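**Q** Letter 34 of the sequence shown, counting from 1, is numbered 35 in this note's numbering, and no numbers are missing.
Glycine included, every Cβ here is placed at the ideal spot set by N, Cα and C.
Note that the structure is a prediction, hence the values are computed from the model and not measured.
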Amino acid sequence: MPFSVIVIILVFLLIAVRKIGNVRLELYQIMLLGAALVLVSGSISIKDAILAIDLDVILFLFGMFIIGSAMEESGLIELLSYRALNRFKNVDLLVVAILLLSGFSSALLLNDTIAVIGVPLILSISKRNDISLKLLTMTLAVGVTTGSVLSPIGNPQNLLIAVKSEMENPFVVFLRYLFFPTMISMLASYLVLRIFFKREFHKRIERIETIRLRDPPLARLCNFSIGIVIGLITLKSILFLTPLHINLRLTFISIGAAIPILMFSPKRTQIMRKTDYKTLIFFASMFIVMQAVWNSNFIQSILQRGGFDLMNKDTIVVISVVLSQILSNVPLVALILPAILIKEPSYSLLCALAAGSTIAGNLLLLGAASNIIIVQNLEQRKEEAISFLEFAKIGIPLTLVQVFIYIIFI
2 MPFSVIVIIL
12 VFLLIAVRKI
22 GNVRLELYQI
32 MLLGAALVLV
42 SGSISIKDAI
52 LAIDLDVILF
62 LFGMFIIGSA
72 MEESGLIELL
82 SYRALNRFKN
92 VDLLVVAILL
102 LSGFSSALLL
112 NDTIAVIGVP
122 LILSISKRND
132 ISLKLLTMTL
142 AVGVTTGSVL
152 SPIGNPQNLL
162 IAVKSEMENP
172 FVVFLRYLFF
182 PTMISMLASY
192 LVLRIFFKRE
202 FHKRIERIET
212 IRLRDPPLAR
222 LCNFSIGIVI
232 GLITLKSILF
242 LTPLHINLRL
252 TFISIGAAIP
262 ILMFSPKRTQ
272 IMRKTDYKTL
282 IFFASMFIVM
292 QAVWNSNFIQ
302 SILQRGGFDL
312 MNKDTIVVIS
322 VVLSQILSNV
332 PLVALILPAI
342 LIKEPSYSLL
352 CALAAGSTIA
362 GNLLLLGAAS
372 NIIIVQNLEQ
382 RKEEAISFLE
392 FAKIGIPLTL
402 VQVFIYIIFI
């Protein structure tokens, strides 16, 4: 077994236990250790490690963290949580609302975007009405993952599938094959969450006092920045899905949206100081570890020797769910897609790949980048986030149900 594969197994184990002796480790420290091990062992060269770091993703997250930090500083997050709490009478309705809102928003604005913005919102809601933060964390994580299945711009792997396959009318295709099973999967998500957090669902939400913005000018800048994000992501989708495939990079979107805040807010220093740099370190390290695993050809050889029928949609769903836990979903799709496209696959098969590689994020904590963004962001705020095992306890049965749903209906 290649050393890089041993390292990724070690990373999984450390994330599960979160300790070495009496020393508690944060997520970014564990992944940074993994990156150091593959570099020191020679599993990946320094040059390849640097090239493996996707600066587009890192800078996109940096810009979104700036906006999220500014929303907190202005009091806009508290105002939004106040409106949410006063609109819903019980936790039941609140969970449904978070699932649907985060899901549909992810389908339009990329799941990682909603993960960044959603964390301070669920934290504020949890504190103001004594609602389990673990319930709201799982609700947000499951919502952004499941909802992003719906569209070709919901997540990076869907976009890759839509473009590389030269899919005609990708929005129509995705909705045709994935809308109905995704809605059923949302219902399944609600039911599974209700089973594991049944005591929380009996709570009523008390109305709270009116909340005012702490910094109205900064809140206006935040609204302007969010408008820029929405507008540029919409433009990106239109340009990328045209015959010219013009790619407006994610970096330009988030950094462009963050510029008004950094230029015009007198609180720019406080905002920069509160930015979640630990998550950026985690992702840079993760890119290095995953590239080392990729370079080992371990996964590729398993697929070749296993004799898997990649033209069978049931097989594709299962393989993509399982292997996404090791390679991450985007590299997995990049690996499998060329082998599928040679044989002129049906749209249903391509949608099966999109669904499987996406709902893989509901299985384990490391299954989706959005999960890491949510949990690491909470830990950055010194909050007790959901653990690897707690996530798996809920995620495994939920993902099994969702796999069954997508296999039946695609």
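1. Under the three-state reduction of DSSP, which class applies to residue 45: helix, strand or coil?
2. Mind reading off the beta-carbon distance from residue 275 to residue 377? Whole number of angstroms is fine, and I expect it under 8 Å.
3. For residue 135, does the three-state DSSP call read helix, strand or coil?
4. Taking its Cβ as the centre, do 16 or more other Cβ atoms sit within 10 Å of residue 128, making it buried, or is it exposed?
5. What did DSSP end up calling residue 91 once you bin it into helix, strand or coil?
6. Ordered along the chain, which non-local residues of its own chain (more than five positions away) have a Cβ less than 6 Å from that of residue 402?
7. Apart from the five residues just before and just after residue 45, which ones in its own chain have a Cβ nearer than 8 Å to its Cβ?
8. Looking only at C-alpha atoms, which of 107, 151, 60 sits nearest to residue 282?
9. Taking only three categories from DSSP, how would you classify residue 199?
10. Return helix, strand or coil for residue 237, following the three-state DSSP convention.
11. Identify which residue in 113, 91, 249 has its Cα closest to the Cα of residue 200.
12. For residue 203, tell me which candidate among 132, 142, 214 has the shortest Cα-Cα distance.
13. Per DSSP, which residues does residue 20 bridge with? Please list them.
14. List the DSSP bridge partners of residue 205.
15. Roughly how many angstroms lie between the CA atoms of residue 308 and residue 230, to the nearest whole one?
16. Could you tell me whether any non-hydrogen atom of the ligand NAP is closer than 8 Å to the CB of residue 249?
17. Count the other CB atoms, across all protein chains shown, that sit within 10 Å of the CB of residue 1; report buried if there are 16 or more and exposed otherwise.
18. Measuring only the C-alpha atoms, how far is residue 156 from residue 269?
19. Specify whether the stretch 182 to 196 and the stretch 395 to 410 touch according to this definition: at least 3 beta carbon pairs, one from each stretch, less than 8 Å apart.
20. So, is residue 2 buried or exposed, given that buried needs 16 or more other C-beta atoms within 10 angstroms?
**A** On the basis of the data shown:
1. coil
2. Wrong, their Cβ atoms sit about 14 Å apart, outside the cutoff.
3. helix
4. exposed
5. strand
6. 189
7. 5, 39, 53, 289, 292, 293, 296
8. 60
9. coil
10. helix
11. 91
12. 132
13. 25
14. 91
15. 44 Å
16. The ligand NAP is not part of the structure shown, which contains no ligands of any sort.
17. The shown model of the chain, from 2 to 411, leaves out residue 1, and the question about it has no answer.
18. 30 Å
19. yes
20. exposed
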